[in-house]
Each structure stands twice: as structure tokens, then as C-alpha cells.
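These notes are about the structure you will find just below.
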Amino acid sequence: MKSTTYALIAVAAIAAFALLREHWSHVAGYWPYLLLLVCPLMHLFHGHGGHG
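If you're matching positions, the sequence shown starts at 32 in my numbering and goes up one per residue.
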């Protein structure tokens with residue numbers, strides 16, 4: 032990977048941390064819905080290319 036990619040990943044991680052830290056009480060209320068949303072997405076996109 033290029034150093035620019037690492038820099039963008041680092042900035043995104045810092046922004047996500049700051050956003051979650053400030054709005055944790057709002058995010059915590061949505062965890063059950065996020066979990067229900069992630070389950071079907073994982074079934075669609077995880078591991079289906081390895082058959083055969």
C-alpha cells in the first residue's frame with residue numbers, strides 16, 4: 032500500500048474514534064438494530080466465493 036492510503040486509514044480511524052466518543056449514548060441505543068443489519072450483510076458478502 033502507498034503511504035497515502037495508510038494516512039487516509041489513520042485519519043478515518045481517528046475520526047471514527049472521535050465521533051463514537053462524542054456520540055456513544057446515541058450509538059449505544061442502535062446496537063440491536065445494527066447487529067440485525069450486519070447479520071444478513073455478512074451472509075451475503077462473507078465466504079461465498081470459496082465453494083468448489
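For glycine and all other residues, C-beta sits at the position ideal for the given N, C-alpha and C.
Look at the alpha carbon of E53 and the alpha carbon of Y64, and state the distance between them as a whole number of angstroms.
Start at 1 with the first residue of the sequence shown, and residue 53 comes out as number 22. Start at 1 with the first residue of the sequence shown, and residue 64 comes out as number 33. So the two alpha carbons sit approximately 20 Å from each other.
Residue span of the alpha helix (DSSP H) that contains H77, given as start and end
Within the sequence shown, numbered from 1, the residue matching residue 77 stands at position 46. Premise fails: H77 is in no alpha helix (DSSP H) and is neither H nor E.
L66 to L75 span [Cα, whole Å]:
Start at 1 with the first residue of the sequence shown, and residue 66 comes out as number 35. Start at 1 with the first residue of the sequence shown, and residue 75 comes out as number 44. Cα-Cα distance, rounded: 15 Å.
Report back the beta-carbon spacing between V58 and L51 to the nearest angstrom; my notes put them in contact at under 8 Å.
To locate residue 58, count along the sequence shown from 1; it is residue 27. To locate residue 51, count along the sequence shown from 1; it is residue 20. Cβ atoms of V58 and L51 come within 8 Å of each other, at about 6 Å.
Start-to-end residues for the alpha helix (DSSP H) that takes in Y84:
The requested residue 84 is not part of the displayed model; the chain covers only 32 to 83.
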